[in-house]
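Notes to accompany the following structure.
Residue numbers (full-length UniProt numbering): 1 to 391.
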């Protein structure tokens, strides 16, 4: 694998003003990732601040209801701030501080990455500004208030479709205008090299723990691991330590929104084409060779592209990517709530929905791990609106 590339994907398609900063970031990351003091400091934060290791929970009642394979949930929703995002943010903000930065900026869709960034910036005494599409600030108002409560300044982006795609573009513009004291805490495994690698490495703690935990509980590897995919940070973290285990199916669940043939989806691998956007080469939803408007009921999956490592795993057939509709995700969210007493994020519900389909096709001797990437507090109003309930 060439540095900065996953097969044909990845790379650095960026303005010249950012090239020196990306080179400095790559050099700093390559040094600190092998530095024992940095690794010890980050590991202590993951254990004592984020609450790792997260549980690998056997969902007994769902398993009994569906028949077939045992379903395990990797409970990233139990982390401090309520999602997997804290893993990457702790790593990147600590790295930024070591590099002498005093200010961090970030994009966010559902708000979970923004909340995690605001949280860690407060912990480390750094200035923090978050860019969020105006539409997302309205459907995730609770998380906007949480970020402000933590001391961050939240910018509502009004360009384009006013969603995650436009928030990423605005954050990149802001970074290019002020690189000297600022680090861009990119929240998913996307963007120019070295971000996809950095995010993958910091999120790989999910699969490292899950692999150890399932071997301890079941004495063998699972039949499949499943995660939702927007940009793909929780999925690549969930896949990483299972990639060399050829017997384990890796399944990413994209948002097919109102249906793959409606034009209202965010399924970059199922319906997209290869292109270049946000500094990387990958698969993107496109319309007449232009980046298309993505759609998902889930703000966190409402992004038109996918990280370059996922594009590579898709091309070589190591991972399978399936499409899950809004209806299927909401049904799965409600099913999980009523059988296990867990209200998950709508993003995660896409993975739960496909696990419910797959479990019955497998033996009772098999197991499946589903990454429950975040908790659903932020999505309660969205679910109520979807069901026509006033709260």
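The beta carbon of each residue, even a glycine, is placed where N, CA and C say it ideally should be.
- An exposed status is given to residue 391, since fewer than 16 other beta-carbon atoms sit within 10 Å of its beta-carbon.
- Residue range 273-277 is occupied by the beta strand (DSSP E) that includes residue 274.
- Judged by pairs of C-beta atoms under 8 Å, the stretch 68-87 touches the stretch 46-57, as three or more such pairs exist.
- Selection 29, 30 and 268 evaluated against residue 253 yields 268 as nearest (Cα-Cα).
- With fewer than 16 other Cβ atoms inside 10 Å of its own Cβ, residue 287 counts as exposed.
- Listed in chain order, the alpha helix (DSSP H) runs fully inside the stretch 185-245 are 195-203, 205-218 and 233-239, counting runs of at least 4 residues.
- Between residue 139 and residue 382, the CB-CB gap stays under 8 Å.
- Residue pairing by DSSP places residue 132 opposite 108 and 156 in a beta bridge.
- The closest CA to that of residue 15, considering only 191, 121 and 107, is found on 191.
- Only residues of its own chain outside the window of five on either side were considered, and among them 144 and 156 have a CB closer than 6 Å to the CB of residue 137, listed in chain order.
- Within the stretch 67-114, the complete alpha helix (DSSP H) segments of 4 residues or longer fall at 85-98, listed in chain order.
- Counting the other Cβ atoms within 10 Å of the Cβ of residue 173 gives fewer than 16, which makes it exposed.
- Fewer than three beta-carbon pairs drawn from the stretch 260-274 and the stretch 235-246 are found closer than 8 Å, and the two stretches are therefore not classed as touching.
- Cβ-Cβ distances below 7 Å link residue 229 to 235, 252, 253, 254, 306, 310 and 321 in the same chain, with the five nearest sequence neighbours on each side left out; the list follows chain order.
- Checking the DSSP bridge columns, you'll see residue 325 partnered with 257.
- Annotated as distal: residue 258 and residue 166, with beta-carbon spacing of 8 Å or more.
- Distance between residue 210 and residue 363, taken at the CA atoms: about 21 Å.
- C-alpha of residue 26 to C-alpha of residue 106: approximately 18 Å in a straight line.
- Residue 32 sits in a helix when the DSSP states are folded into three classes.
- Taking a contact as a CB-CB distance under 8 Å, the pair residue 347 and residue 110 counts as one, their CB atoms being some 7 Å apart.
- For residue 70, the closest alpha carbon among the candidates 122, 388, 357 and 376 is that of 357.
- Cβ contact annotation for residue 186 (same chain, cutoff 6 Å, sequence separation greater than five): 195, in chain order.
- Taken through DSSP and simplified to helix, strand or coil, residue 120 comes out as helix.
- Rounded to whole angstroms, residue 331 and residue 37 show a C-alpha spacing of 46 Å.
- Looking only at 164, 118 and 92, the smallest Cα-Cα distance to residue 133 is reached by 164.
- In the DSSP assignment, residue 342 falls outside any alpha helix (DSSP H), carrying neither H nor E.
- Annotation for residue 282: the continuous beta strand (DSSP E) segment containing it runs 280-284.
- For residue 372, the enclosing beta strand (DSSP E) stretches over residues 367-372.
- Between residue 283 and residue 324, the C-beta gap is not smaller than 8 Å, which leaves the two residues out of contact.
- CA-CA distance, residue 359 to residue 179, rounds to 48 Å.
- Residue 336 and residue 67 have their C-alpha atoms spaced approximately 15 Å apart.
- In the three-state reduction of the DSSP assignment, residue 362 falls in the coil class.
- Of the candidates 17, 141, 42 and 45, the residue whose Cα lies closest to the Cα of residue 378 is 141.
- At the C-beta level, residue 87 and residue 202 come within 8 Å of one another.
- Residue 290 counts as exposed, since fewer than 16 other C-beta atoms from the protein chains shown sit within 10 angstroms of its C-beta.
- Counted as a single uninterrupted DSSP element, the stretch harbouring residue 55 is not any alpha helix (DSSP H), since DSSP gives it neither H nor E.
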